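All remarks here apply to the structure that follows.
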Amino acid sequence: AELFALSEVATALGTTAPVALRINPGVDAKTHAKISTGGSENKFGIPLHRAAAAYALAASLPGVRPVGVTAHIGSQLTDLAPLEATFALLGTLIRSLRAGGLAVARADLGGGLGIPYRPGDAAPPTPADYGALVARATKGWDVRLLCEPGRLIVGNAGILVSRVVTVKPGSHAGVRSFVVVDAAMNDLLRPSLYGAWHHIRAVAPSGDTMVATVVGPVCETGDTFAEDRTIDTVATGDLVAFMSAGAYGATMASTYNSRPLVPEVLVDGAAWAVVRPREELAAQLARERFAPWLV
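Here this note's numbering is used: the first residue of the sequence shown is 4, the next is one more, and so on.
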């Protein structure tokens, strides 16, 4: 359906659109199910066994010129083996397409390299490891290579800073204690959405620790950052840092519970600048409109 729509638009504009078709290689990325995108059960891409027919269709349509292949099998990958398997399948496809007369000039290898989230996590593959794999696996492809290392670049560069609103101790043994902070699931959704783990630190640690469940002020139990975790001891007013929040943090944020989006601050050594101001509640409300019959 997308090819026909693209053909129609390109033809109407009097141009030819160069396209790369996304291939689903049917490879298990060995990552969280919600961020796995290259398995046969996932919604993304064209199944490998239908790729030749899809490229033939693209080549036959006006306004469309197939020039490349692309695949992205998932995110937060800590094992290069699934990528190696994917690249091998893409290489076979490229050779087959060329044998059929298609000029393949580009290959987008996707992204997905993971980062360490927990202290003590085994080091994931490095960019150098990935580069060596790409050089080896794509030898002889004779294409322009593209990759998309998003999380790898920004994940550990971002920190969400929040203030402790209150500490609610358990009423008796066996009842959990809560640390309530002013950040919430609308600011950092990953823990609520797929149980993602973010290291939580006191900005000025005392050296003592406590066991607590860290939650936000939003009106549902899902607004939880960590359950029964050993963290730095904190008190009302203390600042805490949610580490590794640079990837899928601000981009997944919302105004749930009419909470304004938090500001973003870029830091470079001693220099800093606000690169996204805090959203004002008035600006949020200004987008609302009364239906005519309610005025």
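No residue lacks a Cβ here, since even glycine has one placed at the ideal position from N, Cα and C.
Just so you know, these numbers come straight off a predicted model, no measurement behind them.
Supposed close pair S320, Y120 - CB separation, criterion 8 Å
One cannot answer for residue 320 here, as it falls past the ends of the chain, which runs 4 to 298.
Count the other CB atoms within 10 Å of the CB of P69; is the residue buried (16 or more) or exposed (fewer)?
buried
Among G210, A199 and V168, nearest to G158 - alpha-carbon criterion:
When only C-alpha atoms are compared, the closest one is A199.
Grouping DSSP H, G and I as helix and E and B as strand, with all else coil, what is R101?
helix
Buried or exposed: R193, going by 16 or more other Cβ atoms within 10 Å of its Cβ?
buried
With a floor of 3 residues, list each beta strand (DSSP E) that falls wholly inside the segment 215-295, ordered by position along the chain.
227-235, 242-245, 267-271 and 274-279
Report the rounded CA-to-CA distance for R232 versus P295, giving the unit in angstroms.
51 Å
Proximity to M255 [Cα-Cα], best of D190, V137 and A13:
D190
Taking the alpha carbon of V183 as the reference point, which residue from P172, V67 and A4 has its own alpha carbon closest?
P172
Y197 versus D235: straight-line alpha-carbon distance, rounded:
24 Å
Between L163 and the ligand FMN, is the CB less than 8 Å from at least one heavy atom?
What this structure holds is no ligand at all, so the ligand FMN is not there to describe.
Within 10 Å of its beta-carbon, does F293 have 16 or more other beta-carbons around it, so buried, or fewer, so exposed?
exposed
How far does the beta strand (DSSP E) with F181 in it reach, from first residue to last?
F181 to V184
Backbone CA spacing between R109 and A187 [nearest angstrom]:
42 Å
Find the nearest neighbour of F7 within the set P28, R154, H52 and A62, judged by alpha-carbon distance.
A62
Pairwise C-alpha distance: V217 and W275
Between the C-alpha atoms of W275 and V217 there is a straight-line separation of about 28 Å.
Going by C-alpha distance, which of L269, V164 and E223 is nearest A244?
Answer by Cα proximity: V164.
Whether or not the segment 204-216 and the segment 29-48 are in contact is what I'm after, with contact meaning three or more pairs of Cβ atoms, one per stretch, closer than 8 Å; do they touch?
no
Can you tell which of L149, V30, G161 and A125 has the C-alpha that lies nearest to the C-alpha of D271?
G161
Exposure label - A215; buried when at least 16 CB within 10 Å
Label assigned to A215: buried.
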